[in-house]
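These notes concern the structure reproduced below.
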Amino acid sequence: MLNEQALLDLVFHALADPTRRAIVERLTRGPASVSELAAPMSMSLAAVMQHLHVLEESRLLRTEKQGRVRTCSIDPEALKGAEAWLTDRRKLWENRLDLLGEMLAADTLTSKSPQRSKL
Numbered sequence: 001m002l003n004e005q006a007l008l009d010l011v012f013h014a015l016a017d018p019t020r021r022a023i024v025e026r027l028t029r030g031p032a033s034v035s036e037l038a039a040p041m042s043m044s045l046a047a048v049m050q051h052l053h054v055l056e057e058s059r060l061l062r063t064e065k066q067g068r069v070r071t072c073s074i075d076p077e078a079l080k081g082a083e084a085w086l087t088d089r090r091k092l093w094e095n096r097l098d099l100l101g102e103m104l105a106a107d108t109l110t111s112k113s114p115q116r117s118k119l
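Residue numbers for the sequence shown follow the working numbering, beginning at 1 and rising by one.
See the structure below:
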């Protein structure tokens, strides 16, 4: 059983490749057979199968075999961990940038205040 961090690593690794992202994008429109997924790709069926294996290991992809046809579908649950991680990072940086904006605004106000001349 994979822990959350290991699964998150697998998801980001799987999504790091443009071919795998294209497969995920295609599967967001609905299930497809392996041959349907491979058709628009400029690579061998074996290479597409390797990409599908990586997606399956990351749990982004589910496959079901009926006879000789293997149908793939996306598992949106697998994206929840990545989404939560990204949301946490986004909130952290938004808070930091808001604080920086406040500090810069306060600095601008103090630098614009008239200074007394020393006599």
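Built from N, CA and C at the ideal position, the CB exists for glycine as well.
Between residue i and residue j, is the Cβ-Cβ spacing less than 8 Å?
| i | j | result |
| --- | --- | --- |
| Gly81 | Glu25 | no |
| Ala47 | Leu60 | no |
| Val6 | Val54 | Per the sequence presented here, residue 6 reads as Ala, with Val not at that position. Against a cut-off of 8 Å, the Cβ pair of Val54 and Ala6 comes out as no contact. |
Using only CA atoms, which one of the options lies nearest to residue i?
| i | options | result |
| --- | --- | --- |
| Ile23 | Gln50, Leu7, Ala6 | Gln50 |
| Asp17 | Arg89, Leu52, Trp93 | Leu52 |
| Trp40 | Glu77, Arg59, Arg20 | The amino acid occupying residue 40 in the given sequence is Pro; Trp does not appear at that position. Looking at the Cα atoms, Arg20 is the closest of the given residues. |
| Asp75 | His13, Thr28, Phe12 | Thr28 |
Report, in whole angstroms, the separation of the C-beta atoms of residue i and residue j, which I expect to be a contact under 8 Å.
| i | j | result |
| --- | --- | --- |
| Glu56 | Thr63 | 6 Å |
| Val69 | Ser33 | 5 Å |
Counting only the same chain and skipping the five closest in sequence on each side, list residues whose C-beta sits under 6 Å from that of residue i.
| i | result |
| --- | --- |
| Pro31 | Thr71, Ser73 |
CB-CB under 8 Å to residue i, same chain, minus the five flanking residues each way: which ones, in chain order?
| i | result |
| --- | --- |
| Trp85 | Leu8 |
Ordered along the chain, which non-local residues of its own chain (more than five positions away) have a Cβ less than 7 Å from that of residue i?
| i | result |
| --- | --- |
| Asn95 | none |
Give the secondary structure of residue i by DSSP, where H, G and I count as helix, E and B as strand, and everything else as coil.
| i | result |
| --- | --- |
| Thr71 | strand |
| Arg90 | helix |
| Ser33 | strand |
Between residue i and chain C, is there a C-beta pair that is closer than 8 Å?
| i | result |
| --- | --- |
| Lys91 | Among the chains of the structure shown, chain C does not appear; only one protein chain is present. |
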